[in-house]
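In the numbering used here, the protein residues as written are 1 to 395.
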Ligand SMILES: Cc1ncc(COP(=O)(O)O)c(C=O)c1O
């Protein structure tokens with residue numbers, strides 16, 4: 001097995017040793033190669049100034065193209081269908097401007113139960129923006145069965161189905177092919193928030209037929225805090241001129257962009273949704289990690305992830321009498337790397353004891369501890385250490 005762990009910086013615990021880092025679902029670790037990727041751009045900026053847009057080793061104007069093929073492979077898309085731009089919630093809004101087109105009859109948005117708050121705020125504010133009562137416009141469903149039942153009953157009033165790939169709190173992975181099929185069968189548009197799925201699950205967005213998807217790159221994708229986000233728009237929308245969009249010059253056809261003419265002509269595909277020119281330093285950081293993903297391949301990473309998470313589950317099950325439960329589905333097909341553990345009593349106290357013992361994981365109100373072995377850098381030893389320290393931290 002190639003040792004990808006040694007290609008990452010592992011944060012140190014108070015005793016100077018490597019900590020047990022199981023928080024890739026929140027912020028991935030720094031690839032050792034990031035510095036060189038960023039320094040190349042700093043050097044080109046230092047030596048070339050504005051000329052770097054054309055003459056940098058990797059010219060900045062088409063720089064985002066360096067990520068296109070890899071991103072497409074990562075999410076199972078065609079190159080035309082993906083772009084890196086902005087941040088996740090911003091991309092979600094941009095997508096809804098185009099793909100949430102409510103009418104008096106069909107105006108509701110369905111999201112998964114306990115969707116990440118930013119998504120809830122985004123969908124409610126979009127409904128309100130279009131003049132609808134947000135409280136009456138957003139429905140939640142626990143999963144695929146409930147979604148299909150709701151669509152069978154009231155599908156005519158639903159404009160958009162927006163589900164997570166993996167729920168941030170429970171760690172439950174949704175069957176995205178089934179969600180897309182169900183939504184489309186009832187005339188809805190279907191989008192996914194892949195914040196917890198990108199770099200975690202094998203994705204086939206083109207085949208599944210999602211209309212759009214958005215994701216961040218700072219979790220499993222190790223792009224660094226606040227790094228630039230990803231966006232997918234299905235090929236069927238690539239050349240649609242009837243869709244409204246919030247346009248900016250970077251979405252304009254690059255062949256004629258610098259003629260600086262007043263009328264907007266969209267670049268075909270996802271790139272046509274770009275607004276501003278992208279932050280090169282963030283793209284450089286992301287390239288370092290995406291090169292590792294490409295080298296390892298998602299199929300291999302996912303197989304390793306299933307093993308690691310299954311091993312974590314088996315160690316925790318040995319202590320099933322200690323007053324905690326795993327809320328993440330037991331079926332590996334219905335989860336990614338993360339296990340969410342419901343603890344009895346104050347979760348914060350358990351988390352603090354773990355932190356003092358050199359374990360980095362996180363917690364979500366009211367009682368969930370989230371733990372994720374990231375297959376690029378976590379090992380069986382990390383999981384052994386976590387299990388011992390977790391049981392001790394339960395008190
Ligand atoms: C599922 C999900 N959606 C949206 C967001 C918000 O991301 P951003 O701050 O990059 O817009 C997050 C952040 O953790 C998330 O986990």
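For glycine and all other residues, C-beta sits at the position ideal for the given N, C-alpha and C.
Given the structure is predicted, the values throughout are model-derived calculations rather than measurements.
What distance in whole Å lies between the Cβ atoms of residue j and residue i, which are believed to be in contact at a cut-off of 8 Å?
i           : j           : result
residue 198 : residue 162 : About 16 Å; that fails the 8 Å criterion.
residue 26  : residue 226 : The Cβ separation is near 13 Å, so there is no contact.
residue 79  : residue 68  : 5 Å
residue 170 : residue 309 : Contact flag wrong, Cβ pair sits at about 14 Å.
residue 147 : residue 110 : 7 Å
residue 385 : residue 338 : With a Cβ gap of about 18 Å, residue 385 and residue 338 do not count as contacting.
residue 191 : residue 211 : 6 Å
residue 183 : residue 115 : Not really, about 16 Å apart at Cβ, beyond 8 Å.
Do residue i and residue j have their C-beta atoms closer together than 9 Å?
i           : j           : result
residue 296 : residue 37  : no
residue 22  : residue 231 : no
residue 357 : residue 392 : yes
residue 20  : residue 389 : yes
residue 314 : residue 375 : no
residue 74  : residue 298 : yes
Smallest Cα separation from residue i: which of the options?
i           : options               : result
residue 194 : 166, 60, 264 and 152  : 166
residue 326 : 337, 334, 233 and 341 : 341
residue 55  : 40, 100 and 358       : 40
residue 214 : 91, 356, 99 and 16    : 91
residue 124 : 141, 96 and 246       : 96
residue 292 : 223, 256, 242 and 264 : 223
residue 282 : 18, 13 and 35         : 35
residue 64  : 303, 359, 285 and 324 : 285
residue 276 : 248, 300, 258 and 264 : 248
residue 85  : 316, 229, 300 and 303 : 229
residue 382 : 241, 343, 18 and 134  : 18
Who are the near neighbours of residue i in its chain, counting only those whose CB is closer than 8 Å to its CB and skipping five residues on each side?
i           : result
residue 81  : 72, 205, 206, 232, 233, 234, 235, 238, 269 and 270
residue 122 : 89, 92, 93 and 96
residue 159 : 100, 101, 102, 103, 106, 107, 108, 109, 188 and 189
residue 312 : 339, 371, 373, 383, 386 and 387
I'd like the list of long-range same chain contacts for residue i, defined as Cβ closer than 6 Å, with 5 residues on each side in sequence excluded.
i           : result
residue 61  : 53
residue 272 : 251 and 266
So if DSSP puts residue i in a beta bridge, which residue, or which two residues, is it bridged to?
i           : result
residue 139 : 110
residue 84  : 230
residue 41  : Residue 41 pairs with nothing; no bridge assigned.
residue 62  : DSSP output for residue 62 lists no bridge partner at all.
residue 189 : 160
residue 326 : 341
Ordered along the chain, which non-local residues of its own chain (more than five positions away) have a Cβ less than 7 Å from that of residue i?
i           : result
residue 379 : 5
residue 66  : 58 and 287
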